[in-house]
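Chemist: One structure is given below, represented as structure tokens, and several questions about it will come after.
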């Protein structure tokens, strides 16, 4: 076989759409996560009003307190936007402040959730009490696990920023983390509306 | 690089494809042996060759194995090997993630089969209906092996789906527009979308079951207000798209094989593509036809009757397009074409019986009978598996650089056709005469013996037929004739590079101007000028990595430790997973 010599191209960054593969892949993954939460939320809704013993949602869900924690989580998304801006500008100070803000606000949200869970257990609502307990704890627990994963991710980025390893050229890493963070935030808005507000 | 270590750390899509194939091929024989035990047991009325409990484990593991450990991963083996070559890419978008998908699949498959060592193989059928799977009715570990095994396999499928969607959307060679893509890559794209959307739904069904069994939740507990029908909805919401996950790769394969051996472009190419996409969409709206006997009410039933009948239309479009492609073509019938034509014939039989039980009143009679068993084996064996066989014969020369024996291939095809039809055609009659599915035995007065004996004889012929394939693969791999780059005179990009391909696939990304670049003399010359050329230096490829294997071990350990029932035990596995992920993230992809 005649094999003429050609210069090979190392085009690692060539893509058909011009978009980074990380972005395309991560959006796809978020699509998959949507179906996961949709199934969990549907399960909660299907079981609404079907518990045969209490405590029932209207007796136990604390809307004012959860409004505060929801506000905290929403503000963390604002911090996330500013963190990305900080990284893109190449400001280590702004990156650290706002990534730190995301970590603190995310952790505060988790603190609210931990308080809520222990309080519910004291009130006699566990995962085994009724179908409300089962579907509530699994749904919000899954969301909490996602927030926890996000906080660990943000801590990693914060350490990278502190070591000066988060240059503007690396901003895609923060952007992807941001996609995840905003997604988890939006899921919470749906949960807050369907579980807490519309009883 | 060669040797065991190079395989453990490989991120090359071609090697991962080969590993996927060998693993799924191994499980094919495990699932096949389970089927033969079932057939021996049913050969005579009131037989006691295996116990009722063993029988339950056999049909559960047969179904679970054939769906999750054979048909899906063998299709993924082809996605891995063929898609990057067809679209003109050097690898998939995320090579290390691809390795992770494979290791998670391998460990998940081994985990679920390890249940045999504990005498606790899953025994509540591959659909695992609640609340048979509750602690109350199935107290042993059987269900737990099943639900954890499937959860692990689901992770592999979702990651694989994300990877292939990204690869196909983003790594097509210049000029490879979506509507120039070979049909197999198209169906890989549709299948990947189904994977990333359908798997999370069954994951939730399984997670709820896990919470019920391990942590005392009430999701499927009727006395606490739980509803077993929820399981059926979640399972079939996944389960019906899953049917298309199994069949679409096969449709893709034969849509590439039939034009090749008809020496004609695929008839109505865009329509075949759109029909595939439509099947993917409508596949999401037919799930309750598995639940006509539940009693969902006339409105729900009518909706699902209609949607199920509608989905037959895009499927029939494909069949007519394959026939029209062959019409007037310069037909050749080597083994890949024989199997492709076999799919068209046999799948159509299964499709027709499918339309029969799309009708709710008829389905009420056929539900849970051997008629249904006959139907889905016609579509899944005759449709999915034989399509994969066609793919094996088609791409083997590309993978190994050797030609397969045509005469052994023909023996394989004809024994398969005879064995397959003899096994499953009589099941239609056994079912219509009242034989229920998943029955350990039947009474002599029912007059079902003849049909069952025919099926058993057929199953053994079918079993023996696959030995022709094993021998052919082995012998051709060892001392087959050397294969040229394009042994079939096929039209698509994977045939423009040497057989076997160099590890970087394409020294320079080729430019594509049509759907059949190798069938146009000018374009062929242009493409081959780069694809058959020797680069001055090899393109830089992603480095091997050990971390996907570590992460996979961590994932499997996390799930396996759930079985201890100690709430913090899975954290050990999660710690290993996290360690692996961090090491992975900070290891550069290229060195």
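Protein chains in written order, with this note's numbering: chain U, 17 to 215; chain R, 65 to 655.
Just so you know, even glycine gets a beta-carbon here, dropped at the ideal spot from N, CA and C.
(1) Could you name the residues of chain R that residue 166 of chain U contacts, counting a contact when the two beta carbons are closer than 8 angstroms?
(2) Which residue's Cα is closest to the Cα of residue 435 of chain R: R:512, R:191, R:162, R:309?
(3) Listing by chain order, which chain R residues have their CB less than 9 angstroms from the CB of residue 146 of chain U?
(4) Examine the Cβ distances between the region 458–472 of chain R and the region 563–577 of chain R and report whether three or more of them are shorter than 8 angstroms.
(5) For residue 505 of chain R, go through chain U and note every residue whose CB falls closer than 7 angstroms to its CB, in chain order.
(6) Using the C-alpha atoms, what's the distance from residue 213 of chain U back to residue 79 of chain U?
(7) Taking the CB atoms as reference points, tell me whether residue 75 of chain R and residue 647 of chain R lie closer together than 7 angstroms.
(8) I think residue 444 of chain R touches residue 310 of chain R, with their Cβ atoms under 8 angstroms apart; what is that distance to the nearest whole Å?
(9) Could one say the Cβ of residue 201 of chain U lies closer than 7 angstroms to chain R's Cβ atoms, at least one of them?
(10) I want to verify the contact list: residues of chain U whose CB lies under 7 angstroms from the CB of residue 488 of chain R, in sequence order.
(11) Using a 10 Å radius around the Cβ and a threshold of 16 neighbouring Cβ atoms, would you call residue 238 of chain R buried or exposed?
(12) From the DSSP output, which residues share a beta bridge with residue 466 of chain R?
(13) Is there contact here, the region 157–173 of chain R with the region 207–222 of chain R, by at least three beta-carbon pairs under 8 angstroms?
(14) Rounding to the nearest angstrom, what Cα-Cα distance links residue 541 of chain R and residue 531 of chain R in this structure?
(15) Decide yes or no for the touch test of the region 339–346 of chain R against the region 409–423 of chain R: beta carbon pairs closer than 8 angstroms, at least 3 of them.
(16) Looking at residue 404 of chain R: is its Cβ nearer than 7 angstroms to the Cβ of residue 322 of chain R?
(17) Cβ of residue 234 of chain R less than 7 angstroms from any chain U Cβ?
(18) Taking Cβ-Cβ distances shorter than 9 angstroms, what residues in chain U pair up with residue 6 of chain R?
(19) Assuming residue 289 of chain R contacts residue 312 of chain R under a Cβ cut-off of 8 angstroms, what Cβ separation, rounded to an integer in Å, is found between them?
(20) For the alpha helix (DSSP H) holding residue 385 of chain R, just list the boundary residues, first then last.
(21) Please check if any C-beta of chain R sits within less than 7 angstroms of the C-beta of residue 20 of chain U.
(22) Within 10 angstroms of its Cβ, does residue 553 of chain R collect 16 or more other Cβ (buried), or is it exposed?
(23) Residue 534 of chain R: which of R:81, R:86, R:70, R:79 sits nearest, CA to CA?
(24) Taking any Cβ of chain U, which residues in the region 161–184 of chain R have a Cβ under 7 angstroms from it, in chain order?
(25) Within 7 angstroms of any Cβ in chain U, is that where the Cβ of residue 261 of chain R sits?
(26) Work out the CA separation of residue 142 of chain R and residue 225 of chain R for me, nearest whole Å.
(27) Anyone know if the C-beta pair for residue 487 of chain R and residue 519 of chain R falls short of 7 angstroms?
(28) Exposed or buried, which one is residue 328 of chain R when buried takes at least 16 other CB atoms within 10 Å?
(29) Are residue 177 of chain U and residue 94 of chain U close, meaning C-beta to C-beta below 7 angstroms?
(30) Please report the Cβ distance between residue 223 of chain R and residue 157 of chain R, rounded to the nearest whole angstrom; I am assuming they are in contact, meaning their Cβ atoms lie under 8 angstroms.
(31) Taking just the CA atoms, how far does residue 57 of chain U sit from residue 210 of chain U?
(32) Is the Cβ-Cβ distance between residue 194 of chain R and residue 295 of chain R less than 7 angstroms?
(33) With three or more C-beta pairs closer than 8 angstroms as the rule, is the region 53–67 of chain U touching the region 140–154 of chain U?
(34) Determine the direct distance from the alpha carbon of residue 93 of chain R to that of residue 728 of chain R, and round the result to whole angstroms.
(35) For residue 291 of chain R, count neighbouring Cβ atoms within 10 angstroms of its own Cβ and tell me buried if that reaches 16, exposed if not.
Modeler: From the atom records:
(1) In the first chain, counting from the first residue as 1, residue 166 of chain U sits at position 150. Under the 8 angstroms cutoff, chain R gives no residues; its nearest Cβ is about 14 angstroms from residue 166 of chain U.
(2) Along the second chain, one-based indexing puts residue 435 of chain R at 371. Selected option, being the one with the closest Cα: R:512.
(3) As a working mapping, residue 146 of chain U is identified with position 130 in the first chain. Result: 282, 288, 289.
(4) yes
(5) The residue given as residue 505 of chain R occupies position 441 in the second chain. Those within 7 angstroms of residue 505 of chain R in chain U number zero; the least Cβ separation is about 38 angstroms.
(6) Here residue 79 of chain U corresponds to residue number 63 of the first chain, with the count starting at 1. Here residue 213 of chain U corresponds to residue number 197 of the first chain, with the count starting at 1. Straight across, the Cα-Cα distance linking residue 79 of chain U with residue 213 of chain U is about 7 angstroms.
(7) Along the second chain, one-based indexing puts residue 75 of chain R at 11. Along the second chain, one-based indexing puts residue 647 of chain R at 583. No; because the gap between Cβ atoms is not below 7 angstroms, this pair is not in contact.
(8) The residue you call residue 444 of chain R lines up with position 380 of the second chain. The residue you call residue 310 of chain R lines up with position 246 of the second chain. That belief holds up - the Cβ atoms of residue 444 of chain R and residue 310 of chain R are roughly 6 angstroms apart, short of 8 angstroms.
(9) The residue given as residue 201 of chain U occupies position 185 in the first chain. Not one chain R Cβ lies under 7 angstroms of residue 201 of chain U.
(10) Numbered from 1 along the second chain, position 424 holds the residue referred to as residue 488 of chain R. Those do not exist, as residue 488 of chain R stays about 34 angstroms from chain U at its closest Cβ, beyond 7 angstroms.
(11) Position 174 of the second chain, counting from 1, holds the residue named residue 238 of chain R. Label assigned to residue 238 of chain R: exposed.
(12) Position 402 of the second chain, counted from the start, is the residue given in the question as residue 466 of chain R. For residue 466 of chain R, which the question treats as bridged, DSSP gives the partners R:546.
(13) yes
(14) Numbered from 1 along the second chain, position 477 holds the residue referred to as residue 541 of chain R. Numbered from 1 along the second chain, position 467 holds the residue referred to as residue 531 of chain R. If I take the Cα positions, the gap works out to 15 angstroms.
(15) no
(16) Here residue 404 of chain R refers to the residue found at position 340 when the second chain is read from its first residue. Here residue 322 of chain R refers to the residue found at position 258 when the second chain is read from its first residue. Against a cut-off of 7 angstroms, the Cβ pair of residue 322 of chain R and residue 404 of chain R comes out as a contact.
(17) Indexing the second chain from 1 puts residue 234 of chain R at position 170. Residue 234 of chain R counts as touching chain U.
(18) Residue 6 of chain R cannot be examined here, being either before or after the span of chain R that is shown, 65 to 655.
(19) By one-based count along the second chain, residue 289 of chain R stands at place 225. By one-based count along the second chain, residue 312 of chain R stands at place 248. Distance from residue 289 of chain R to residue 312 of chain R at the Cβ level is roughly 39 angstroms; contact not present, criterion being Cβ atoms closer than 8 angstroms.
(20) For the purposes of this step, residue 385 of chain R is taken as residue 321 along the second chain, with counting starting at 1. Per DSSP, residue 385 of chain R belongs to the alpha helix (DSSP H) from 362–390.
(21) The residue given as residue 20 of chain U occupies position 4 in the first chain. The predicted position of residue 20 of chain U is uncertain, since its pLDDT is 47 and thus under 50; a value taken from the coordinates is nonetheless stated next. Judged by the 7 angstroms Cβ criterion, residue 20 of chain U is in contact with chain R.
(22) To locate residue 553 of chain R, count along the second chain from 1; it is residue 489. The residue is exposed, with fewer than 16 neighbouring Cβ atoms inside 10 Å.
(23) As a first step, residue 534 of chain R must be located in the second chain, where it is residue number 470. Nearest option by C-alpha distance: R:86.
(24) none
(25) In the second chain, residue 261 of chain R corresponds to position 197, counting from 1. Interface residue, yes.
(26) Within the second chain, the letter at position 161 stands for residue 225 of chain R. Within the second chain, the letter at position 78 stands for residue 142 of chain R. Straight-line measurement puts the Cα of residue 142 of chain R at about 13 angstroms from the Cα of residue 225 of chain R.
(27) Looking up residue 487 of chain R in the second chain gives position 423. Looking up residue 519 of chain R in the second chain gives position 455. It is a contact, given that the beta carbons lie within the stated cut-off.
(28) Along the second chain, one-based indexing puts residue 328 of chain R at 264. Residue 328 of chain R comes out buried.
(29) Numbered from its first residue, the first chain carries residue 177 of chain U at position 161. Numbered from its first residue, the first chain carries residue 94 of chain U at position 78. Between residue 177 of chain U and residue 94 of chain U, the C-beta spacing is not below 7 angstroms.
(30) As a first step, residue 223 of chain R is located in the second chain; it is residue number 159 there, counting from the start. As a first step, residue 157 of chain R is located in the second chain; it is residue number 93 there, counting from the start. That pair is no contact at about 12 angstroms.
(31) For this step, residue 210 of chain U is matched to residue 194 along the first chain. For this step, residue 57 of chain U is matched to residue 41 along the first chain. Rounded to whole angstroms, residue 210 of chain U and residue 57 of chain U show a C-alpha spacing of 8 angstroms.
(32) Walking along the second chain from the start, residue 194 of chain R turns up at place 130. Walking along the second chain from the start, residue 295 of chain R turns up at place 231. Result yes, Cβ atoms of residue 194 of chain R and residue 295 of chain R sit closer than 7 angstroms.
(33) yes
(34) The question about residue 728 of chain R has no answer here: the residues shown for chain R are numbered 65 through 655.
(35) As a working mapping, residue 291 of chain R is identified with position 227 in the second chain. The residue in question, residue 291 of chain R, is buried, as its Cβ has 16 or more Cβ neighbours within 10 Å.
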